[in-house]
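9 is the number of the first residue of the sequence shown in this note's numbering; add one for each residue after it.
Built from N, CA and C at the ideal position, the CB exists for glycine as well.
Before any comments, here is the structure.
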Amino acid sequence: MKPCPECGAPMDPRSCDELFHALLALDHSRQEPWGPLHGVSVSCFLLQHPSRVPADDGAMAWALLRAYLEGGLGEVNRLVGRARRGNSHRVKGEPSRVSRDAALPHRDALRSRFSVTIKDVAVDGTFPAVEFTQRVEAWAAATVEAWSCET
Ligand SMILES: [Zn+2]
9 MKPCPECGAP MDPRSCDELF HALLALDHSR QEPWGPLHGV SVSCFLLQHP
59 SRVPADDGAM AWALLRAYLE GGLGEVNRLV GRARRGNSHR VKGEPSRVSR
109 DAALPHRDAL RSRFSVTIKD VAVDGTFPAV EFTQRVEAWA AATVEAWSCE
159 T
């Protein structure tokens with residue numbers, strides 16, 4: 009079976025889609041460690057599967073990952089709070105360079121370039137709680153790194 013055309017992960021035994029649905033189910037249980045990392049997980053998945061990114065969410069996903077890597081979940085929560093208060097994702101301050109243009113122009117050049125994919129985060133397909141946070145952090149870092157190389 010061919011690897012995922014977007015993130016490069018093997019599709020066997022479970023596709024990225026199936027893994028993503030399993031992860032969302034855990035997120036929605038609102039339990040630690042998955043629940044609090046929901047936004048980060050979704051952002052990683054979307055940015056590694058650019059065809060899924062809705063028109064504007066690329067910018068938000070990108071800003072969110074950058075915030076997470078810089079300041080952890082506290083920074084993510086501040087960013088989400090600001091975005092909710094404003095009408096736009098263009099929040100005054102640092103996210104202005106995190107525009108959609110910065111995040112999405114190279115979607116065809118990204119294949120197989122992520123050093124960590126959802127497959128690695130899933131481990132055996134169940135997203136074990138042990139070291140989940142560390143794996144998500146590596147996932148976020150690999151995602152941002154792959155995009156940053158192109159800009
Ligand atoms: Zn994939």
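Less than 8 angstroms separating the beta-carbons of residue i and residue j?
i: F122; j: T141; result: no
i: V124; j: A146; result: yes
i: L73; j: A148; result: yes
i: S51; j: A69; result: yes
i: P41; j: A137; result: yes
i: S164; j: V144; result: Outside the modelled stretch of the chain, which goes from 9 to 159, sits residue 164, for which no answer is possible.
Kindly indicate which residue of the options has the alpha-carbon position closest to the one of residue i.
i: G66; options: F53, L77, Y76, E78; result: F53
i: S23; options: D128, P136, E139, E153; result: D128
i: S156; options: A71, R93, H29; result: A71
i: E14; options: V131, R38, F28, Q56; result: Q56
i: D132; options: D35, A33, M9, P21; result: P21
i: M19; options: E139, I126, F135; result: I126
i: R60; options: L77, S37, R86, F28; result: F28
Sorry if obvious, but does the Cβ on residue i come closer than 7 angstroms to a heavy atom of ligand 2?
i: A17; result: The ligand content of the structure shown is limited to ligand 1, which means ligand 2 is not among them.
Roughly how far, in whole angstroms, is the beta-carbon of residue i from the beta-carbon of residue j, given that I think they are within contact range, below 8 angstroms?
i: V84; j: G43; result: Not a contact, Cβ separation roughly 13 angstroms.
i: L34; j: F135; result: 6 angstroms
Terminal residues of the continuous alpha helix (DSSP H) containing residue i?
i: A75; result: 65-93
i: A150; result: 140-156
i: C24; result: 24-36
i: D128; result: 126-130
i: C52; result: 46-56
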